[in-house]
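FYI, the numbering for the sequence shown is -21 to -1, 1 to 1179, going by mature numbering (1 follows the signal peptide of the UniProt record, and there is no 0).
Every residue, glycine too, gets a C-beta built ideally from N, C-alpha and C.
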Amino acid sequence: MRLFTYAFSFAVLLCLLPGCSPTPPSDALFKRLSADRTGIAFANTVTEDDSLNIFNFPYLYNGGGVAVADFNGDSLPDLYFSGNQVESALYLNRGDLRFEAVPQATPRVPHQWTTGVAAVDINQDGWMDLYLCVADAHNRPDRSRNQLWVHQGLDADGRPTFREMADAYGIADEGFSVQGAFFDYDRDGDLDLYVLTNRMEAGSQNVPRMRPNDGSHPSTDRLYRNEGTGPQGHPVFTNVSREAGITQEGYGLGIAVGDINQDGWPDLYVANDFLSNDLLWINNGRVAEGQPQFTNRAATELKHQSMNGMGTDLADLNNDGWSDIVVVDMLPEDNLRQKTMLPSQNYDRFQLQLRYGYEPQYVRNTLQLNRGPQPDGQLAFSEIGQFSGIQHTDWSWAPLLADFDNDGYQDLYITNGYRRDVTDLDFIVYENAQRQFGTGNLKADARQDVADRMAMLPVVKTSNYFYRNQGDLTFADVTKDWGTHVPSFSNGAAYADLDRDGDLDLVVNNLDEEAFVFENTARTGPDRHFLRLACEGPSGNRQGLGLKATLYQPATTQFRELSVNRGFQSTVEPVLHFGLGNDPRVDSVRITWPDGRVQVLRNVPADQTLWVRHREAQASSPASLSDSQPPLFQQVAAVTHRHQESTFNEFKVQPLLPHSNAQTGPALAVGDLNGDGRDDAFVGGAKDQPARLFVQQPDGSFTALAFTADQRAEDQGALFFDADGDGDQDLYVVSGGVEFYAGNAYYQDRLYRNDGRGRLQRDTLALPPLHNNGSCVVAADWDRDGDLDLFVGGRTIPGQYPLPDQSHLLENDGRGHFTDVTATQAPELAHVGVVNDARWTDTDQDGWPDLLLAGEWMPLTLFQNQQGQFRNVTAVVGLQGTSGWWNSLAAGDFDQDGDLDYVAGNLGRNNPYQISADYPLRVYAKDFDGNGSLDPVLTCYLPGPDGTRHEYPVHSRDAIVDQMVRMKGRFHRYRDYAQAEFSQVFSDEERQDAYVGTCEMVTSMFLENRGVDSSGTVQFRLTPLPDAAQLAPIYGMLAGDFNDDGALDLLAVGNSYATETIYGWYDAGIGTLLAGSTEGGFTVVPNRESGFWVDTDAKAMAELRNPDGQRMIWVTSNQDSLRTFALHTPHPLPLALQPLDAYAEVRLADGRLTRVEFTYGNTYLSQSSRTWEWPRGAQSVTLVDSRGNRRTWKPQFTTQ
C-alpha cells in the first residue's frame, strides 16, 4: 500500500499559513472545545491506495454523519459518529459537555463503508435505535447491506446494548445508500422509511440522455412501508417504491422531510448530485387504489435547482409559516477557485438538457423561498440564494437551519471541504490528454501512476460557513465573528443543546481529523430567551415526528416542524427549539400533531423545555372560511395566445454575452381600433411569428387577427395613437432584435394607418429610414403644436453588444409624416445608451413634457424639454450614480403632493455579481484581438488571494478563448488565468479606446419628486422598493389604486430567461403587488392575498376594460401564454379623454391637489387603455391638454 505524502504535506502546509485559522474574538458566540475537554476523539480517517482512491471511487471523501439521541435514558443527548474505513463511535453524554466513549457498546459494521446514520425508536419501546446506511466502492451486495441496530436495553454498567436486525425488519437495503429517513408518510400512526440512494453506473453521470423514470435505474430511491407488528413481535417493512410513485432516478446526497405544502401530509425534498435533477415529492394524501402516493413536482414548482445537489434542509426562514428549502452545491467564493472549476457556458448543451426533460440547474447553493399555494394548488417557489448571500460556500455538504443566536430567526451553518479537487480544470485537461494521446501502455508501477495523479490535485480545505439570518431574507457571514473559522474537511453535522443551557451546540464529523464540538454561548448574553418543545407522541410515533408548532409573539410568529433528518447523513436532536430574543413570555403556541389533533398553550414562560403530549391534544375543528377575503385579482380565460420566440443563438456570435438580446418581447398595446368604445389590443410577434390584433366584442370576448405581411420582422414596442389627426387610432410598431445583420431592411419601423373602420394599412412613406435595433416607442406633443410626436429607443447594434444603437426623436407634421430631428433638437439622444424604456412626463410642471429614459449600462436619464430643445440634466437632478441594468418606468403621484413620482425597474439584487457603487459591474468592449468582431468583456469584483475584492473578468478561460482564440496562448493554464486580475489580462494599451459601460446600481427604486430648486430644476430622492420587488428583474409595471383605498399601488412583473447558462435564469419573480400609502411608502401584499401570480418570463403589462367597465390586466411573456387578470374592486364612472389630454388635476376631499398624467406608452413595451375613472374621494377634476387648455368636472354623485 502506497501513501501519498505529497498531497498530505500540501494540506498540512495550507493549515500552517498565516490567518488559516484566526483567533476567534473574545465575545464569539461559539467556543471550539478540544478532545481533551470533551472526550470526543473520533476522526474519520480515510486512507488511499492504488486499489481505493478518488479515481475508482468518486465518493471517497464524502465522509460520515452524526446522530444525536439519548441512548441511555438519562435525558442527555448522546452522539454517534459514522466512520468509513474507521469504526463508528458512540459517545455517552456525562454532563457539562463531557463525553465517554463506549466502544464495547458501539454498533459495528466491520469491513463496510458506513455513510448516513439515523437515530429512531423503530419498535417504539422507548429506546433509541440506529439505522446505518452502507456503501461499497465496487457495488458488492454483501458489502452494501444497510444495518439496523435495535436497542436491547442497558447492561449492568448502564451502557446501551444493540442487536443487528435489518433483515428481520425487512430493511437490509443493498442499493448503495446514503441516508435513511423515518416518517409516517401514510398517516397510519407508525414510522415508514425512505432510503436515499446513490449508485453509480458505468459512464458519465453528466451526459444528457433519456431519463429512466420507471424505477429501473439502479440509483432509484426506495420507500419501505411499515406494516405494523409482525409474527416476531416487531415491525416489518415492505418495499412499496413503485406503487407509491418513487420511480425517478437520481444520485441522492441529501434528504429533508416536512409538510412543504401545508396539507397535513409529509412531503420530501431529495437533493441529487450530477445532472440528475432534485426531487420534490409531494404527498398526495389519501389516494385511490392504483394511484401513486407521491408526485414529483420539481419541474412545475421549482424554476431551477442546484447542479450538484449535496445536503439539504427545510425551515421557515422569514417567519411566514411556510417551510423554505436550502440545497448546497460546490461554487467557491473566491476568483481563483471559481476560475479553476467553472467550465465555459454551453448554450446548445443547456437547450439539449431541456429537450431531454431535465430542469434547469446551476452550480451554486440555492434557497427556495416558499411563496405558498397558487389558485391551482401548486406551490410557487422563488430561488433567492444570491439575494440572500449564501450562494457560494465551496465544496459543501451539510446545511443546518436553526436559531443559533436565539433572536427568533433561523440561521445557517454549512460544512464543506474536499481532500482532492477533481474539478480542477488543469487536471481535467491533463487527464483528457492522457486518454486521447497516450500510448495506452500502463506504467510499470500502476501505484506510482495513481500517486502522480494524486499529487497534481489541489486541496480544498476551507472553513465551514456560518450565516446569521438578518430577518429580511438576507444572511450575514459571521464565520469569524462567531468563532467557527477553522479550515477542515467537514461532512455530516448535527445540532443539539448538549449542555441543556438553552442554546444549540454544534457537532461536526470531519475527514482526517477529530470531530468538532462547538459550545454555544448565546445564553450568556442579554435578550436571548428560548423555548424548547419535547414531544411525547402516540404509541406508534413516540418521538412525535411530523409535529408542527406555531409560536405567537407580540411582534412575530414562528413555525417549526419536528423532523430529525437534516443536512447531510445526519439526524439532529428530536426537540423543537425557538429563540425568543428579549421576550420573557410567549403569547401562545399552537401544536398540530401528525394525525390532526391540536392543542394550544397560552401565556407560556420562556427559558424552559416544555413537554407536549399527544394524549392532551384535542380533535381539530374544520377551518372557518367565513372571514377569508377573496383576492383582489383573479386569473380568467380571455384570449388564447402563446408567444413563440425564434431559435436564434446569439451566443454563437458573441460568446461573452451576459444575456441574449433576442428574447426581449412581446410588446402589448391597448387602444380602440374601430371606434366602438371598447378596448382592443395588439400583441407583438417574434421573428417569423405573426403579431396578433385582438378586437373586443360586445360580450367581452376577443376576435384575433394576424399580421402576416410583416412577420419576418421582430416586433418590439407598439403604440396606438392618432398619427394623422383624423380621429381614429393608427398603430406604430418598432422593429428590433438581433437576428439580422446591422442595417438590415427588416429593422425598419412600421406605421399602420387606420382607414376609419378599424382596418390597418402600412404606410411605407410615413417614416424616415430607421434601420436599427429599436426598443420602445412613446408619443407626446413635445413641441406643443397640436399633434403627437414620437421618441423611439434604440437597443444594441446587432453583433456589437454593448454598443448602443441609435435612438430617434421624430417630429410629426400633423398629417402623420415624421421627420428625424434628433440631430437638431436633442443630439445627445442619438447614442444615449441601450434604451429599454422611455416616458414623456412633465417632471417640473412647466407644461413641456420631458423625456425620462431607462436602459442598460446607463443611468436613469432625464432630458429636460426647454421649449422644444432637450438638455440632459441627469447629473443635477439627483440621478447621478444610478448606472444600472434598468428595464422599465412607471409614474404616479404616489405621495399625493401634486407632482409626478416615478418607479424604475432594475435588474434586482438576486444576481451573481454583488454589485455596488464601490464594486461595480463593468463591460469593456473592443476588438481586442483584431479579428473584426467586437469583444465584450465583463468584469466584477471578487475576493483575491488576500481576501479583499479585486477586479476580475466574469468569464471563464474557456469563454474568453471562445471569443478570442489568441488568449489561449496568453494563458496556457487555467490557474494562470485565475490568478490574473483584469489589468493583467488586458494591458493598459489594449484597453485604450475601449467602450466602457458601468453598472453600479441594481436595486429597483422609487423616485420621489421633491419639486424644483431655485434654478427651476426638478430634484429626486431615490428609495429602494421593498425586498419582495428586488428578487427578480422588473419589466412591466402599472400604477393604480387596485385595492380601492384612495392611494396609488404598484403592480410589477418580470423575469429573464435570456441569460448565459453558467449563472443562469433570473426567474424568482412571481408578480408583485405593492400597496401604496398617501405618504408614498409601499407595503408588500402577499400573492395569496392579491391573487396576482405571474411566474413566467414576463415582459409587457397593460390595463384595459371589458364592456361592463371592469378593469382587466393583460401580461405577456416570452415563449409563454398571455395571462389575463380581472380586478374585483368597484369600477366607477369612466371619464372620456381627448387625444391631446396630458394630465388631470384632482382636488381631494381634504383640499390636497394631486396629479394624474395621461401618456402614450406606460411601461416596458406596453401601452394601457386611455380610459380613466373618477378617482376615489375626488371633489373636482380638471383636465389639461398639451396646449394648456383646461376643462373642469365636478361629480354629480356621491363618491365613497
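Secondary structure of residue 60 (DSSP, three-state): strand.
According to the DSSP assignment, residue 472 belongs to the beta strand (DSSP E) that extends over 469 to 475.
For the pair residue 747 and residue 798, the Cα-to-Cα distance works out to about 6 Å.
In this chain, the beta strand (DSSP E) harbouring residue 1082 covers 1077 to 1084. Remark: C-beta atoms of residue 911 and residue 1133 do not approach each other more closely than 9 Å. Counting the other Cβ atoms within 10 Å of the Cβ of residue 186 gives fewer than 16, which makes it exposed. Spanning the alpha carbons of residue 610 and residue 752 requires a straight line of approximately 41 Å. In its chain, beyond the 5 residues on either side, 527, 577 have a beta carbon closer than 6 Å to the beta carbon of residue 571. The beta carbon of residue 976 lies closer than 7 Å to those of 781, 836, 901, 902 in the same chain, with the five residues before and after it left out. Using a Cβ distance threshold of 9 Å, residue 861 and residue 979 count as a contacting pair.
Taking a cut-off of 8 Å for Cβ pairs, the segment 557 to 575 and the segment 253 to 271 do not touch, as fewer than three such pairs fall below it. The alpha-carbon separation between residue 967 and residue 973 amounts to approximately 10 Å. Under the three-state reduction of DSSP, residue 364 is assigned to helix. Secondary structure at residue 764: coil, using DSSP grouped into helix, strand and coil.
Ranked by Cα distance from residue 826, the options 806, 764, 963, 801 are led by 764. Looking only at 483, 932, 1078, the smallest Cα-Cα distance to residue 76 is reached by 483.
Its Cα nearest to that of residue 1027, the residue 869 stands out among 794, 1037, 869. Nearest to residue 1067 by alpha-carbon distance, out of 351, 919, 328, is 351. Within the same chain, Cβ atoms closer than 6 Å to the Cβ of residue 653 are found at 737, the five residues on either side in sequence being excluded. In the DSSP annotation of this structure, the continuous segment of the beta strand (DSSP E) that includes residue 1105 starts and ends at 1102 to 1106. Excluding residues up to 5 positions away in sequence, 103, 168 lie with their Cβ nearer than 8 Å to the Cβ of residue 518 in the same chain. For residue 142, the CB contacts under 8 Å within the same chain, skipping 5 residues up- and downstream, are 128, 129, 131 in chain order.
Among the bridge pairs identified by DSSP, residue 304 is matched with 293, 347.
With respect to the 9 Å criterion, residue 506 and residue 448 are not classified as neighbours on the basis of their beta carbons.
Short of 7 Å from the beta carbon of residue 928, and not among the five residues preceding or following it, lie these beta carbons of its own chain, in chain order: 898, 920, 921, 922. The criterion of a C-beta distance shorter than 9 Å is not satisfied by residue 762 and residue 1136.
By the criterion of at least three beta-carbon pairs nearer than 8 Å, the segment 430 to 441 is in contact with the segment 391 to 403. Taking a C-beta distance under 9 Å as the contact criterion, residue 842 and residue 858 do not qualify as a contact pair.
In this chain, the alpha helix (DSSP H) harbouring residue 961 covers 961 to 964. Taken atom to atom, the span from the alpha-carbon of residue 908 to that of residue 407 is near 27 Å. Taken through DSSP and simplified to helix, strand or coil, residue 789 comes out as strand. Cα atoms of residue 996 and residue 772: separation of roughly 24 Å, rounded to the nearest angstrom. For the pair of segments examined, the segment 881 to 889 was found to touch the segment 357 to 368: the number of CB pairs separated by less than 8 Å reaches three. A distance below 9 Å separates the beta carbons of residue 292 and residue 378.
Taking 8 Å as the upper bound for CB-CB distance, residue 918 and residue 961 are in contact here, some 5 Å apart.
Rounded to the nearest angstrom, the Cβ distance from residue 705 to residue 735 is 7 Å, consistent with a contact under 8 Å.
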